[in-house]
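Written below as structure tokens is the structure these notes are about.
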Ligand code: ASP
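In the UniProt record's numbering, the protein residues as written are 1 to 444.
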């Protein structure tokens, strides 16, 4: 069976002509890279603009009746620069007249086209350029990614569309981020959505691997702003990834994971600027861990408030927790976790959820649940130590707690889910960085 790799390149991988060249070299280095999904040009440096942001800006200008000429000129200059520089090196690029495309887009924006259409043109133009550079077919995403009339992805129709379209193309570039609705109008995913396009194409193509090329060599075991030079994660399962990204560590668009997860296709996060680095491989949940007793990563979030409730014989009171949780629900508040003792239960709630609502919630808990005592404990941070290698191996929790104790960090809460791939501790906001350092150093 032939091997197919679907490679998605993010905005920074296609930010200028030099980056396009790197992408060309990467694609040509492995003939299995048959289907390529580009994002729009991203930032070349920290003060630069993302083309997608500028396109949205054009739409707002038109809506407000302001001229968008200046903004459009920045967009147009950027694409012209890319094509001109590439044409200097690659003769076949000279045949591409990017200005004809740009003029049509400008005309469409002037005529008041919907903002989804405008925003999608960044990927569209990049795909035109890249397909010319690689001598690959160009397949418009509107011909194979389909949304329903409510704006949701129509996964079945999309899958069939992809299978059909790709069957007549051996090598193609398909723009990321958008598709079409039942009336044929362009519809985009949420921001960062090219990751989803890539995953859908990978599934439809029956790929053996989905490569997601960015500007980092995969996931790191901890936040580099807290740990100096953290080790990269070589392999991580989807479940571990979910736990870590939920706790704040993220490189991938969340929705992009499940089309490939369902199909059992691994994702390789790779670095366009350092293509030989192995990156991180995201694999099925049954993937074995080489070394038992090790961890995969540490992530955490600050700013939680704990509502600690105590009531004698709570464990025998029917419906106590239902009442408690329905108070949160009726106030539209989501809680993070609910550690419990015999006569105690705590609600751990992110501060941003509690905006102006804490007083009402406390008043309702007192009235409906009649606790013996209720305490509000602010400024808690949660830290998750995640790893499939910890399940069924002894001493992991001991190592974490010992490390924290040695470094004088007080643990305010402990929580281990039944999956045994995650131990969460609650510490003071002020101890957050110290706690992550202590745990990291204990394992590495
Ligand atoms: N260009 C789009 C954005 O900036 C989509 C993407 O890059 O994935 O959100």
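Cβ coordinates follow ideal geometry from the N, Cα and C atoms, glycine included.
Since we're looking at a predicted model, the values are computed, not measured.
Whole angstroms are fine: how far does the CA of residue j sit from the CA of residue i?
{"i": "residue 156", "j": "residue 375", "result": "50 Å"}
{"i": "residue 159", "j": "residue 203", "result": "8 Å"}
{"i": "residue 235", "j": "residue 2", "result": "24 Å"}
{"i": "residue 83", "j": "residue 191", "result": "25 Å"}
{"i": "residue 331", "j": "residue 361", "result": "7 Å"}
{"i": "residue 85", "j": "residue 253", "result": "31 Å"}
{"i": "residue 150", "j": "residue 199", "result": "22 Å"}
{"i": "residue 196", "j": "residue 223", "result": "24 Å"}
{"i": "residue 324", "j": "residue 351", "result": "18 Å"}
{"i": "residue 240", "j": "residue 172", "result": "33 Å"}
{"i": "residue 17", "j": "residue 40", "result": "13 Å"}
{"i": "residue 93", "j": "residue 100", "result": "15 Å"}
{"i": "residue 19", "j": "residue 214", "result": "11 Å"}
{"i": "residue 317", "j": "residue 326", "result": "16 Å"}
{"i": "residue 8", "j": "residue 267", "result": "10 Å"}
{"i": "residue 73", "j": "residue 54", "result": "10 Å"}
{"i": "residue 473", "j": "residue 439", "result": "Coverage of the chain is limited to positions 1 through 444, which leaves residue 473 absent and any answer about it impossible."}
{"i": "residue 407", "j": "residue 259", "result": "43 Å"}
{"i": "residue 174", "j": "residue 256", "result": "16 Å"}
{"i": "residue 389", "j": "residue 421", "result": "7 Å"}
{"i": "residue 384", "j": "residue 302", "result": "12 Å"}
{"i": "residue 68", "j": "residue 80", "result": "18 Å"}
{"i": "residue 280", "j": "residue 405", "result": "32 Å"}
{"i": "residue 147", "j": "residue 181", "result": "5 Å"}
{"i": "residue 104", "j": "residue 114", "result": "15 Å"}
{"i": "residue 263", "j": "residue 206", "result": "8 Å"}
{"i": "residue 402", "j": "residue 412", "result": "14 Å"}
{"i": "residue 333", "j": "residue 189", "result": "27 Å"}
{"i": "residue 372", "j": "residue 444", "result": "45 Å"}
{"i": "residue 21", "j": "residue 208", "result": "25 Å"}
{"i": "residue 143", "j": "residue 96", "result": "22 Å"}
{"i": "residue 230", "j": "residue 70", "result": "43 Å"}
{"i": "residue 170", "j": "residue 130", "result": "16 Å"}
{"i": "residue 437", "j": "residue 397", "result": "16 Å"}
May I ask you to list the residues that DSSP assigns as paired with residue i?
{"i": "residue 422", "result": "386"}
{"i": "residue 428", "result": "380"}
{"i": "residue 214", "result": "271"}
{"i": "residue 306", "result": "348, 377"}
{"i": "residue 178", "result": "188"}
{"i": "residue 416", "result": "423"}
{"i": "residue 301", "result": "382"}
{"i": "residue 38", "result": "9"}
{"i": "residue 283", "result": "237"}
{"i": "residue 172", "result": "35, 137"}
{"i": "residue 232", "result": "220"}
{"i": "residue 340", "result": "345"}
{"i": "residue 411", "result": "427"}
{"i": "residue 401", "result": "Paired residue(s): none; residue 401 is not in a bridge."}
{"i": "residue 146", "result": "180"}
{"i": "residue 209", "result": "5"}
{"i": "residue 153", "result": "147"}
Looking only at C-alpha atoms, which of the options sits nearest to residue i?
{"i": "residue 184", "options": "45, 117, 444", "result": "117"}
{"i": "residue 128", "options": "73, 102, 294, 431", "result": "102"}
{"i": "residue 125", "options": "152, 77, 154", "result": "77"}
{"i": "residue 12", "options": "51, 31, 245", "result": "51"}
{"i": "residue 108", "options": "98, 269, 121, 181", "result": "121"}
{"i": "residue 162", "options": "339, 37, 20", "result": "37"}
{"i": "residue 25", "options": "276, 300, 421, 428", "result": "276"}
{"i": "residue 307", "options": "27, 378, 426", "result": "378"}
{"i": "residue 410", "options": "66, 144, 435", "result": "435"}
{"i": "residue 309", "options": "403, 365, 424", "result": "365"}
{"i": "residue 227", "options": "10, 166, 433", "result": "433"}
{"i": "residue 424", "options": "140, 144, 338, 357", "result": "338"}
{"i": "residue 63", "options": "392, 105, 154, 110", "result": "110"}
{"i": "residue 15", "options": "220, 272, 443", "result": "272"}
{"i": "residue 418", "options": "391, 363, 75, 403", "result": "391"}
{"i": "residue 91", "options": "218, 135, 177", "result": "135"}
{"i": "residue 138", "options": "431, 119, 166", "result": "166"}
{"i": "residue 27", "options": "4, 46, 247, 296", "result": "4"}
{"i": "residue 75", "options": "282, 119, 132", "result": "119"}
{"i": "residue 164", "options": "153, 335, 395, 141", "result": "141"}
{"i": "residue 168", "options": "35, 217, 358", "result": "35"}
{"i": "residue 152", "options": "47, 394, 193", "result": "193"}
{"i": "residue 220", "options": "414, 296, 400", "result": "296"}
{"i": "residue 65", "options": "112, 232, 42, 98", "result": "112"}
{"i": "residue 430", "options": "216, 382, 328", "result": "382"}
Is any heavy atom in the ligand FMN found nearer than 7 Å to the beta carbon of residue i?
{"i": "residue 52", "result": "This structure lacks the ligand FMN; the ligands present are the ligand ASP."}
Decide if the segment 24-40 is in contact with the segment 59-77; the criterion is three or more beta carbon pairs, one per stretch, under 8 Å apart. Output reads no: the segment 59-77 does not touch the segment 24-40.
Kindly confirm or deny that the segment 338-345 and the segment 303-321 touch, where touching means at least three C-beta pairs closer than 8 Å. Touching, yes, given that three or more Cβ pairs across the two stretches are closer than 8 Å.
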